[in-house]
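Peer 1: According to this note's numbering, the sequence shown is numbered sequentially starting from 598. Quick one: the structure is below, questions incoming.
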Amino acid sequence: MTSKSTHESLIVDSAVIQRKYMKWSKEEENTLKFLYEDRKMCIYKISNVIKRTPCSVVSKLRNLKITDHYYNARGFNKILKFYKSRERNKLLNKVKLDKKNSKIQKK
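Below you can see the structure in the form of structure tokens.
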């Protein structure tokens, strides 16, 4: 049974359901692993299949230790292009700083 807030977080938009703030089930995690590792799908295709945002897919890949850094996920460059087109520098600066820090840690 789901709570009222969970039902309110479901947004139906032309047959696409985006879920906000919902816990990942084991089935979703297994599907994510299969689609990313075995089928070699990018985060955008996976997000359409499992009805999650590309950012949540990237975050889950990182949490499951499938990718070592979120910016290494297949298709993450599309997110960066989107933010560059909108001139939103906060994420871009974070990615640059994270890449710089990860290179320092590897040495």
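Yeah, the Cβ is synthetic: ideal placement off N, Cα and C, and Gly gets one too.
1) Please report the straight-line C-alpha distance between K697 and A670, rounded to a whole angstrom.
2) Would you decide whether I763 is buried or exposed? Buried here means 16 or more other CB atoms lie within 10 Å of its CB.
3) Rounded C-beta distance between K681 and L689? I'm assuming under 8 Å.
4) Are the CB atoms of M638 and L629 nearer to each other than 7 Å?
5) Does the beta-carbon of K601 have 16 or more other beta-carbons within 10 angstroms, so that it is buried, or is it exposed?
6) If you draw a straight line from the C-alpha of R685 to the C-alpha of E634, how long is it?
7) In terms of alpha-carbon separation, which member of V692, L661, K623 and R649 lies closest to Y668?
8) Would you check if the distance between the CB atom of V655 and the CB atom of I643 is smaller than 7 Å?
9) Do you know whose CA, among L658, K620, K662 and P651, lies nearest L677's CA?
Peer 2: With the structure as the only source:
1) 17 Å
2) Since the displayed the chain opens at 598 and closes at 704, residue 763 lies outside it and no answer follows.
3) 7 Å
4) no
5) Model confidence at K601 stands at a pLDDT of 44, short of 50, so the residue's coordinates are unreliable and nothing is read from them.
6) 31 Å
7) V692
8) no
9) P651
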